[in-house]
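Student:
Number of protein chains: 2
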Amino acid sequence: MTGRAKSPKQGLKLRFVLPDGSWLGPGKADLLQGIVETGSISAAGRRLGMSYKRAWGLVEVLNTMFAAPLVASSRGGAGHGGAELTETGQEVLRLFRAMQSHAERAVEAEEAELLRLFDMADKK
Amino acid sequence: MTGRAKSPKQGLKLRFVLPDGSWLGPGKADLLQGIVETGSISAAGRRLGMSYKRAWGLVEVLNTMFAAPLVASSRGGAGHGGAELTETGQEVLRLFRAMQSHAERAVEAEEAELLRLFDMADKK
DNA sequence: CTTCGTTATGTCTGATCGGAGATAACGGGT
DNA sequence: ACCCGTTATCTCCGATCAGACATAACGAAG
Chain A
348 MTGRAKSPKQ GLKLRFVLPD GSWLGPGKAD LLQGIVETGS ISAAGRRLGM SYKRAWGLVE
408 VLNTMFAAPL VASSRGGAGH GGAELTETGQ EVLRLFRAMQ SHAERAVEAE EAELLRLFDM
468 ADKK
Chain B
348 MTGRAKSPKQ GLKLRFVLPD GSWLGPGKAD LLQGIVETGS ISAAGRRLGM SYKRAWGLVE
408 VLNTMFAAPL VASSRGGAGH GGAELTETGQ EVLRLFRAMQ SHAERAVEAE EAELLRLFDM
468 ADKK
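So the protein lines, in turn, are chains A and B. In this text, residue positions in the first sequence follow the numbering used here: the first is 348, and each later residue adds one. In this text, residue positions in the second sequence follow the numbering used here: the first is 348, and each later residue adds one.
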């Protein structure tokens, strides 16, 4: 697979803070994407190197921060349980990814200048 | 004074991560701006509601993350010591503020849609 | 040589965060 | 009735963070 699950560790990171103080950032966005691709909270968390407890806690937050829940989960049954994004969840993920790419293009000039000031000397 | 010292607590926040893992975000940017406006690390920290220790720690990081230090400080003397931004510091602050405003304009559409999904129900 | 406000640097401590690990519930298949 | 992998919740614990507080150094001015 060529796609990347995690956001790059260097460059511009966005955090969108809602009016009530909760926020959406790369961590929760990556988790949402992982749930889309794996169909499971635990598998998505494993892929991102986080414990199930943390992944589940993030899902709990995600499900209460917007007007509607973003993740629908089920236990037992044929597939032994799993999770998927709701319509709202898919929309939120799409919007955040769009934010990322638009913002990255908008700050390209400043990014290049800051990087120039960074490796002016060396700092391997 | 009409300018705001702190970044708004809601909306888009940027964190620019350098190749070595250190980063520049709203907190350090606000501190840099506070130093410009007050001429002192401790006064800038007080204005932002942080302890001197924390402010000083951030300055220490700021002074080692780029090729050149961003803050020049002095002890004792006529003014009883103080701090100001170096040329590099002024440039870094300017670039980060430019990043902020450019990115904010670039994500206006998605921001509006996310806010719509937020107060779909109520959540005053 | 004392004064002054700032920088510079320690220690202690409480709060918070997240990982590790255990346990139970679920519910369609078999 | 049992199986299975996932969701859903605990408790425990070490690491980390930041505030609070104390102390010293600085250096021109008086």
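Glycine included, every Cβ here is placed at the ideal spot set by N, Cα and C. Computed from a predicted structure; not experimentally measured.
So, does the CB of Met467/A fall closer than 8 Å to a CB anywhere in chain B?
Tutor: Yes - at least one Cβ of chain B is within 8 Å of the one on Met467/A.
Student: DSSP three-state call for Leu461/B: helix, strand or coil?
Tutor: Helix at Leu461/B.
Student: If we count the other Cβ atoms within 10 Å of its Cβ and call it buried at 16 or more, is Lys471/A buried or exposed?
Tutor: Here the model assigns Lys471/A a pLDDT of 40, short of 50, so the residue's position is not dependable, and the following value carries that caveat. So Lys471/A ends up on the exposed side.
Student: What are the residues that DSSP puts in a beta bridge with Ala430/B?
Tutor: According to DSSP, Ala430/B bridges with Ser420/B.
Student: Give me the subset of the region 420-432 of chain B whose CB atoms are less than 9 Å from a CB atom of chain A, sorted by chain position.
Tutor: Answer in chain order: no residues at all.
Student: Which of the three DSSP states is assigned to Phe363/B in this structure?
Tutor: Strand at Phe363/B.
Student: Alpha carbon to alpha carbon, what distance is there between Asp466/B and Phe443/B?
Tutor: Phe443/B and Asp466/B: Cα-Cα distance of roughly 30 Å.
Student: With a threshold of 16 other CB atoms inside 10 Å of the CB of Asp367/B, please say whether the residue is buried or exposed.
Tutor: Asp367/B should be labelled exposed.
Student: Closer than 8 Å, CB to CB, is Ala352/A near chain B or not?
Tutor: No, Ala352/A does not count as interfacial toward chain B.
Student: Smallest Cα separation from Gly358/B: which of Pro355/A, Gln357/A, Arg393/A, Arg362/A?
Tutor: Ranking Pro355/A, Gln357/A, Arg393/A, Arg362/A by Cα distance to Gly358/B puts Arg362/A first.
Student: Identify each residue in the region 374-388 of chain A for which the Cβ-Cβ distance to at least one residue of chain B is less than 9 Å, and report them in chain order.
Tutor: Under the 9 Å Cβ criterion, the region 374-388 of chain A contributes no residue.
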